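These notes concern the structure reproduced below.
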Amino acid sequence: MAAPKPPATTPSQTVGPFYALPGGILWDGGQEVVAAEHPGAFVLHGRLTDGNGDPIPDGVVEIWQADEHGRFDHPDDPRPESSSWQGFGRCPTDADGGFWFRTVKPGPLPTPDGATEAPHLDVTVLARGMLNRVVTRVYFPDEEQANAADPVLSAVDTARRGTLVAAADDRGYRFDIRIQGDGETVFFAV
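End of the sequence shown sits at 238 in the numbering used here; the numbers just go up one at a time, nothing left out.
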């Protein structure tokens with residue numbers, strides 16, 4: 049009698065994503081953080097790609113940010129000025145991995161230790177095959193001095209900082225996000 053064969057490993061699977069289902073996490077106009085006529089409004093756009101550089105057509109990109117004065121509507125913000133700024137948007141990617149937001153450039157932010165962070169947008173990415181979200185930042189190319197002094201950006205390897213800086217273009221700013229592989233966007237543990 050032959051020895052029994054050990055059970056074979058079954059392939060792993062990721063269920064979903066189901067972002068577009070009714071009652072899901074998307075809403076109409078989620079990309080419009082501000083109206084087109086808002087002073088200083090611009091479009092941030094880009095592509096979400098995988099490790100091969102192929103588009104991820106079923107992802108979700110979300111941003112959150114401070115207002116033009118560097119303030120959040122948050123009880124932990126110790127500054128006396130309040131803001132009614134929501135500063136949040138969510139966009140599904142299209143068939144080419146494209147996403148976009150209409151927003152404004154945030155002001156610089158104070159850190160708890162008295163330093164200053166450069167104007168930036170915080171970004172979360174959700175996509176197929178990812179059991180957890182990934183988080184990154186978008187910095188602005190016309191903020192060279194502020195970027196050089198930013199404590200978070202300064203902690204990133206010099207060779208990889210470019211993956212966190214958007215490029216100015218005729219629509220506003222372009223920021224592509226690559227999940228892994230050559231040119232992978234820097235992601236932060238939060």
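All C-beta atoms in this analysis are idealised placements derived from N, C-alpha and C, irrespective of residue type, glycine included.
All values derive from a computational prediction rather than experimental measurement.
- Where A215 is concerned, the enclosing beta strand (DSSP E) starts and stops at 215-217.
- Taking a 10 Å sphere around the C-beta of E85, we find fewer than 16 other C-beta atoms and assign the residue as exposed.
- At the C-beta level, V108 and P140 come within 8 Å of one another.
- Inside the region 127-188, DSSP marks whole beta strand (DSSP E) runs of 3 or more residues at positions 136-140, 146-151, 168-174, 182-187, from first to last along the chain.
- Where V200 is concerned, the enclosing alpha helix (DSSP H) starts and stops at 199-202.
- Taking 8 Å as the cut-off, the beta carbon of D198 is found closer than this to the beta carbon of E165.
- For the alpha helix (DSSP H) assignment, the region 75-115 encloses no uninterrupted run of at least 4 residues.
- Around the beta carbon of F147, a 10 Å sphere encloses 16 or more other beta carbons of the protein chains shown; the residue is thus reported as buried.
- For K153 and S202, the gap between their C-alpha atoms comes out near 20 Å.
- For R222, the enclosing beta strand (DSSP E) has its first and last residue at 220-222.
- If you draw a 10 Å sphere on the C-beta of W75, you find fewer than 16 other C-beta atoms in it, and that means exposed.
- Note that the region 181-191 touches the region 203-214; at least 3 beta-carbon pairs, one per stretch, sit closer than 8 Å.
- Annotation: D205 to G88 spans about 31 Å, alpha carbon to alpha carbon.
- Contact between V82 and G220 does not hold, since the beta-carbon distance rounds to 12 Å and is not under 8 Å.
- Apart from sequence neighbours up to five positions away, the residues of its chain that approach Q113 with a beta-carbon distance below 6 Å are G135, P154, L169, ordered along the chain.
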